[in-house]
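The sequence shown begins at 52 in the working numbering and counts up by one. Cβ coordinates follow ideal geometry from the N, Cα and C atoms, glycine included. Remarks on the structure that follows.
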Amino acid sequence: MSFLKKDYPWIQLPLITCAPMLFAATGELAAAVSAAGGIGFIGIGFKEEDLETQLSQATRHFQTTHKDVKMATTSPEVLPVGVGFLNWGANLDAALPAIKKHVPAAVWLFGVAKETMISVYGSWITRVREVTGGCTKVWVQVGSVADALHMTVDMKDSNSVPDVLVLQGVDAGGHGLKHGAGIITLMPEVRDTLASKGFPDIPLIAAGGISDGRGVAASLCLGADGICMGTRFLACSQTAITQGYRNEILRASDGGRSTVRSTVYDRVRGYVEWPEEYDGRGVTNQSYFDEQKGMEDEENRKLYEAEKQKGDAGWGVGGRMTTYAGTGVGLVKTVESAEEIVRKTREEAKKIIKCD
Ligand SMILES: Cc1cc2nc3c(=O)[nH]c(=O)nc-3n(C[C@H](O)[C@H](O)[C@H](O)COP(=O)(O)O)c2cc1C
52 MSFLKKDYPW IQLPLITCAP MLFAATGELA AAVSAAGGIG FIGIGFKEED
102 LETQLSQATR HFQTTHKDVK MATTSPEVLP VGVGFLNWGA NLDAALPAIK
152 KHVPAAVWLF GVAKETMISV YGSWITRVRE VTGGCTKVWV QVGSVADALH
202 MTVDMKDSNS VPDVLVLQGV DAGGHGLKHG AGIITLMPEV RDTLASKGFP
252 DIPLIAAGGI SDGRGVAASL CLGADGICMG TRFLACSQTA ITQGYRNEIL
302 RASDGGRSTV RSTVYDRVRG YVEWPEEYDG RGVTNQSYFD EQKGMEDEEN
352 RKLYEAEKQK GDAGWGVGGR MTTYAGTGVG LVKTVESAEE IVRKTREEAK
402 KIIKCD
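Written out as structure tokens, the structure reads:
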């Protein structure tokens, strides 16, 4: 695990990262996660126009809220947060100026169709490394053994193997592969397969269904070098979601039953550009139940638009507002600060597994 400390000297082990959740993970949240010894990722998705604002916000938080925390980085220019893109929609040329200016410690790529992974991720990896002199490391989130192999073995010749792979199991909240495995089999199989193909040391981060220190400890046992949580951070005071969304996260339990993988949440909101192999996991709601009963998309979309007018009341039993969340949602019971979540989860894991 020493590689992690080399590239991200401020972190404490075991490494806990916050997922780059579009609209929810802001510069404020990312800075707080990193200041607590994790790595916070800003969720930019396909909204490069927000990149400058969010990176500036993170910078400001290090100068104010976290000014007493020593954030050791590999070079003084590096900003100790990451930033995540959804590459089916993100524009590389539009993103590069802010990346060059702020030099985030990591850029996270996700969400393209298998057949364009090499060309799209390859271009991002090469250009991001060029403009930051290699100071910004590139993470790619994948959801299968085949995609992990594709990102390593097949990227080797073009010198664009990612610095880190995030392995996303199907329990994950938000978007991911429609068909995949849970992290308990995905992580060790990827680890073994990559080792057999000449990549024994590529850092692997576990994601999907991890909500507390037990999940962190289990992931380390499976071969992970660190973990990523999204759903847990939805119940965080610095996360930019509505009270209705947060209430629904706190209400939902038994996540294997109360959440479902579906494309209906994208269709009612008009986000139809996701590649075919992806859907998204969210808490079941009326849009989903009506679709199951045969409601056409047009009618479902109209009802969703009307529901938006209800504000926070649009979430909850009988509601239609989307609540992306993973199967670990039932373990999320209280709202805490990002610092509390990172420290508490890390300490819980350390108690289970000796880690230094
Ligand atoms: C509300 C929400 C939004 C998400 N948005 C993104 C995103 O914009 N980009 C991305 O790469 N992953 C996104 N994800 C998926 C995460 O990267 C990660 O795989 C997932 O949160 C891990 O599973 P967990 O939610 O069970 O912790 C999102 C997840 C959630 C819950």
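Taking the CA atoms as reference points, V319 sits about 45 angstroms from P127. With a cut-off of 7 angstroms, the C-beta of H226 is classified as near ligand 1, since at least one heavy atom of the ligand falls inside that distance. Distance check between S288 and each of T385, H153, V129 places T385 closest, using alpha-carbon atoms only. With a contact defined as Cβ atoms closer than 8 angstroms, L130 and A389 miss out at about 17 angstroms. Distances from the CB of A389 to the heavy atoms of ligand 1 are all 7 angstroms or more.
Burial state of N210 is exposed, judged by a 10 Å Cβ sphere holding fewer than 16 other Cβ atoms. In this structure S247 is exposed. Its beta-carbon is surrounded by fewer than 16 other beta-carbon atoms within 10 angstroms. Comparing C-alpha distances from F74 to each of F284, D243, I253, T203 shows the shortest one belongs to F284. By the neighbour-count definition (other C-beta atoms within 10 Å, threshold 16), T167 is an exposed residue.
DSSP, read as helix, strand or coil, puts R371 in coil. Shortest gap from the CB of M122 to any heavy atom of ligand 1: 7 angstroms or more. Note: A157 is bridge-paired with G133, K188 in the DSSP secondary-structure output.
Inter-residue distance for G140 and F97 is about 5 angstroms (C-alpha atoms, whole angstroms). About 4 angstroms separates the beta carbon of V267 from that of A400, a gap short enough to meet the 8 angstroms contact definition. The Cβ atoms of T68 and C279 lie closer than 8 angstroms to each other.
G379 has its Cβ nearer than 7 angstroms to a heavy atom of ligand 1.
Boundaries for T68: no alpha helix (DSSP H) harbours it, while the beta strand (DSSP E) harbouring it runs 66-69, taken from the DSSP string. G281 sits close to G225, with the two beta carbons spaced by under 8 angstroms. Per DSSP, the continuous beta strand (DSSP E) segment holding F92 begins and ends at 90-96.
Annotated as proximal: P326 and A164, with beta-carbon spacing under 8 angstroms. Per DSSP, the continuous beta strand (DSSP E) segment holding I256 begins and ends at 255-258.
One thing to note: H112 has its Cβ within 8 angstroms of the Cβ of A82. Within the DSSP bridge table, the entry for C287 names E387 as partners. Under DSSP, C279 forms a beta bridge with T68, A258. Spatial neighbours of Q337 in its own chain (CB-CB distance under 7 angstroms, excluding positions within 5 residues in sequence) are listed in chain order as G369, G370, R371. Cβ atoms of K188 and A149 stay farther apart than 8 angstroms, at about 17 angstroms. The C-beta of G365 has 16 or more other C-beta atoms within 10 Å across all chains shown, which makes the residue buried. Taking T116 as the centre and dropping the five residues before and after it, the same chain places no C-beta closer than 6 angstroms to its C-beta. D119 has its alpha-carbon roughly 17 angstroms from the corresponding atom of Q108. Taking the Cβ atoms as the reference, L228 lies roughly 14 angstroms from G260, outside the contact range of under 8 angstroms.
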